[in-house]
Amino acid sequence: MASIIKKLSLLATLSLSTGALAQRPANVTICDYYSETILGEKTAASQKLLMTILMNTVVLGNYTTPNVGIPVHGIAAPGVQDGKDVNLLPYFTGALLSTTPPGDGDVGVSKLFLDDGGADSLKLNMSSIGTTSAQHLRRGAQHVQTPLQLVDASSSIGFSKADAENWKTLMAPFNTRCAPAFTVEGVAGGDYLQSVCINEDGPLDKSANCDAYPAKGVAFAPANATVAEASPSASGTARPSASGTASGSASATTTSML
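When we follow this note's numbering, the leftmost residue of the sequence shown carries the number -18, and every step to the right adds one.
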């Protein structure tokens, strides 16, 4: 989950510097154009604020101005995707043993990603209160709902339809199962396995290499964290144990996002 979050933040930056063209002049980047038209100035600070507002809208839904009236559900709120109930919040509250531990172990751990202000800091157009927390490093969220939420969030703050739809192109390489390893522009380290579509019902990549992924590219439902496991340690990560069931529901006492 943490690695997916980092990819989203990077893709947000790439989207604001490239992308499809519509009302925006061909020689002006998305970042330059919308920081000036939406926030009134073209500076590094306004560009950072624009990306923060965009990503926070993805998480919370409509929460601030600018807002042109397009509704955004927000991935922090329970919803329905393809007729199935979806609730991503337990992945961020430490209620599930769903985070890859240091050293890429095989057993997930409980990780509290809302450890520095939660929704209150996001509503202030901040990613977090401080700069060293898990919440600060999170800077967004994702899963199968995210491309649509990114499109809606961009449109809601004033992006043209064509520029907002650019998210679908940017996210496409990640939204298949078993995609072969590839390099993300701007990320050091070379080729990595990048697929975030890890449900057996997800679309199989046209060049699929499932043998390269653990469990053939299909994730197991994370076990519930116990109350003790869900309580953040000094590092924000709890140690895994053999307790809990693999139902994927949230039974531990957790922090509320909203």
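Each residue gets a CB set at the ideal place from its N, CA and C atoms; glycine is no exception.
All figures in this text were calculated on a predicted structure; none of them were measured in a lab.
Asked, Found
"Beta-carbon gap between Val240 and Val61 smaller than 8 Å", "Outside the shown range of the chain (-18 to 239) lies residue 240, about which nothing can therefore be said."
"Close-in-space but distant-in-sequence residues of the same chain around Phe155 (CB under 6 Å, 5 per side omitted)", "Gln175, Val177"
"contact_flag[the stretch 134 to 150, the stretch 33 to 53] where n(CB pairs < 8 Å) is 3 or more", "yes"
"Sequence-distant residues of its chain with Cβ nearer than 6 Å to Trp269 (five each side left out)", "Since the first residue of the chain shown is -18 and the last is 239, residue 269 is not available in this structure."
"Length of the line joining the Cα atoms of Ala153 and Arg5", "23 Å"
"For Ile34, the nearest candidate out of Ser114, Ile138, Leu69 (CA to CA)", "Ile138"
"Beta-carbon contacts of Pro161 that lie in its chain and below 6 Å, excluding the five residues immediately before and after", "Ser188, Asn190"
"Backbone secondary structure at Asp96 - three-state DSSP", "coil"
"Buried or exposed (CB count within 10 angstroms, at least 16 for buried), Tyr173", "exposed"
"Buried versus exposed, by CB contacts within 10 Å (16 or more), Val168", "exposed"
"Rounded separation between Ala7 and Tyr14 - CA only", "10 Å"
"Terminal residues of the alpha helix (DSSP H) in which Lys149 lies", "142 to 152"
"Outcome for Gly50 when other beta-carbon atoms lying within 10 angstroms are tallied against a minimum of 16", "exposed"
"Continuous beta strand (DSSP E) stretch holding Val61: start and end", "60 to 62"
"Buried/exposed call for Asp192, threshold 16 Cβ in 10 Å", "exposed"
"Same chain, Cβ closer than 7 Å to Gly171, neighbours up to 5 away in sequence not counted", "Thr164"
"Exposed unless 16 or more other CB atoms sit within 10 angstroms - verdict on Thr157", "buried"
"Neighbourhood of Gly42 by C-beta distance below 8 Å, restricted to the same chain and skipping five residues each side", "Pro52, Val53, His54, Gly55, Ala57, Ala58"
"Residues bridged to Leu77 (per DSSP)", "Asn205"
"Length of the line joining the Cα atoms of Asn180 and Ala200", "6 Å"
"Three-state secondary structure assigned by DSSP to Leu174", "coil"
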